[in-house]
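Below is one structure, written out as structure tokens; the observations come after it.
Protein chains in written order, with my numbering: chain L, 18 to 126; chain E, 201 to 314.
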């Protein structure tokens, strides 16, 4: 059963703009993580937010979590060409870690 | 260097020919996991292991086997591969399962079954 669902599926923005992508999930979670994947490569962990946290920052990344709406958002500020990648949310419940299908982000020069 | 390694990175095989994809981590992590990634489906967990000799099924375990005889190694075994197992496979590890830690991913193994 699919837990995390990212939105949008694909996003193209100009370099320097902010990128926002969302993740919705269905059941209660212990934490939610965001990962980045460059084409065909392994996933790289970006940020983890626990279920009792509402917002977290890491460099140009800001993650929010709304457990009442069962949703999270990832904001990348001042985007760069190197941010072009796919971004996945992963939710960890009591028995499983489930990844969403990802958002493909393309930064235009 | 702390890392998760997988071998082989690329493999083309034929239906029914048993194969093993190895996974090794040098971080003394307890939790290890295998995922497959298919277009439009994202990553799906195949099997995971909470510790040595402890393995559990993920979302798509059919057609796969795993073993965890040592903490550092978690091989994925396809006893009789079929074309629908053509996919990109990732191994991952993390210090603990609960409460949670980030997962460290290997570089991936691209498998083609003819």
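Every residue, glycine too, gets a C-beta built ideally from N, C-alpha and C. Being a predicted model, the structure only gives us computed values, none of them experimental.
Short CB-CB distance (under 8 Å) between residue i and chain L
i                      : result
residue 274 of chain E : no
residue 285 of chain E : no
residue 311 of chain E : no
residue 245 of chain E : yes
residue 290 of chain E : yes
residue 241 of chain E : yes
Spatial neighbours of residue i in its chain, beta-carbon cut-off 6 Å, leaving aside the 5 residues before and after
i                      : result
residue 22 of chain L  : 41 and 117
residue 103 of chain L : 54, 119 and 121
residue 243 of chain E : 235 and 237
residue 216 of chain E : 280
residue 218 of chain E : 279
Selection from the options that minimises the alpha carbon distance to residue i
i                      : options                       : result
residue 39 of chain L  : L:109, L:28 and L:99          : L:28
residue 276 of chain E : E:228, E:263, E:294 and E:282 : E:263
residue 113 of chain L : E:290, E:218, E:233 and E:226 : E:233
residue 312 of chain E : E:296, E:292 and E:288        : E:288
residue 82 of chain L  : L:32, L:24, L:110 and L:50    : L:50
residue 221 of chain E : E:243, E:230, E:302 and E:211 : E:211
residue 95 of chain L  : L:26, L:31 and L:73           : L:31
residue 56 of chain L  : L:110, L:101, L:74 and L:67   : L:101
residue 87 of chain L  : L:110, L:52 and L:60          : L:110
Per DSSP, cross-strand counterpart(s) of residue i
i                      : result
residue 61 of chain L  : L:53
residue 207 of chain E : E:222
residue 214 of chain E : In DSSP, residue 214 of chain E forms no bridge with anything.
residue 31 of chain L  : L:125
residue 245 of chain E : E:235
residue 38 of chain L  : L:91
residue 257 of chain E : E:247
residue 120 of chain L : L:104
residue 80 of chain L  : L:73 and L:91
residue 270 of chain E : DSSP output for residue 270 of chain E lists no bridge partner at all.
Proximal chain E residues relative to residue i, where beta-carbon distance stays under 9 Å
i                      : result
residue 58 of chain L  : 305, 307 and 308
residue 110 of chain L : Result: empty, since nearest Cβ-Cβ is about 11 Å, beyond 9 Å.
residue 31 of chain L  : Near residue 31 of chain L there are no residues of chain E at all, since even the closest Cβ is about 27 Å away, more than 9 Å.
Cutoff 8 Å: residue i Cβ touching any chain E Cβ
i                      : result
residue 114 of chain L : yes
residue 119 of chain L : yes
residue 62 of chain L  : yes
residue 42 of chain L  : no
8 Å CB neighbourhood of residue i in its chain, flanking five on each side removed
i                      : result
residue 245 of chain E : 233, 234, 235, 258, 259 and 260
residue 286 of chain E : 311, 312 and 313
residue 75 of chain L  : 63 and 64
Any chain B beta carbon closer than 8 Å to residue i
i                      : result
residue 217 of chain E : Although the question refers to chain B, the structure presented lacks it and instead comprises the protein chains L and E.
Same chain, Cβ closer than 7 Å to residue i, neighbours up to 5 away in sequence not counted
i                      : result
residue 296 of chain E : 230 and 231
residue 126 of chain L : 32 and 98
Residue i Cβ short of 7 Å to the ligand ADP heavy atom set
i                      : result
residue 107 of chain L : Absence of the ligand ADP is noted for the structure shown, with no ligands found whatsoever.
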